[in-house]
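Asks: The opening residue of the sequence shown carries number -3 in my numbering; numbering runs sequentially from there.
Have a look at this one.
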Amino acid sequence: MDLSFLIPGKIRRQVLQYFVENPDVQVHIRGLARELGASPQQIYQELLNMEGWGLLFSSSQGNQRVFRVNKKFPLLPPIEDLFRSLKEENSRSYDIVQTFDLKE
């Protein structure tokens, strides 16, 4: 199971997941693009969207713009819970497949 039915954009899902799993990290556009295997332009657009929603903050460090999670964003806890639940569900599904040697 994945979040494509709720969050249709692959890049958006990847960026959200990155920040949910790394809430204390500050990251610049090119670094995140490398990490996620996406183009800097795609990443930048999603970062701007998320900053516009209030989920992320940005600041300048030298000539680079870095982004970090706004921990006071009211929907952050439910987003974290959603990703955590999905990860647990996928882990249980994987265990069942391995236990019974099933093909997905």
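C-beta atoms are modelled at their ideal positions from N, C-alpha and C, and glycine is treated no differently.
All figures in this text were calculated on a predicted structure; none of them were measured in a lab.
Hey, glycine 48 and phenylalanine 69: beta-carbon distance below 8 angstroms or not?
Replies: no
Asks: Per DSSP, which one or two residues make a beta bridge with serine 35?
Replies: None, per the DSSP bridge assignment.
Asks: Label valine 93 either buried or exposed according to how many other C-beta atoms from any shown protein chain fall within 10 Å of its C-beta, with 16 as the threshold for buried.
Replies: Residue placement at valine 93 is flagged as unreliable, the pLDDT there being 49, under the threshold of 50; the coordinate-derived value follows with that caveat. Exposed: under 16 other Cβ atoms inside 10 Å.
Asks: Between asparagine 59 and the rest of its own chain, which residues show a CB-CB distance below 8 angstroms, the 5 nearest in sequence each way excluded?
Replies: none
Asks: Looking at the secondary structure, which residues open and close the alpha helix (DSSP H) in which leucine 12 lies?
Replies: Start and end: 6 to 17.
Asks: Does the Cβ of glutamine 10 have 16 or more other Cβ atoms within 10 Å, making it buried, or fewer, making it exposed?
Replies: buried
Asks: Which residue or residues does DSSP assign as beta-bridge partners of serine 56?
Replies: Arg61
Asks: State yes or no: is the C-beta of histidine 24 within less than 8 angstroms of the C-beta of valine 62?
Replies: Contact annotation: histidine 24 and valine 62 have beta-carbon atoms nearer than 8 angstroms.
Asks: Alpha carbon to alpha carbon, how far is isoleucine 7 from glycine 27?
Replies: 14 angstroms
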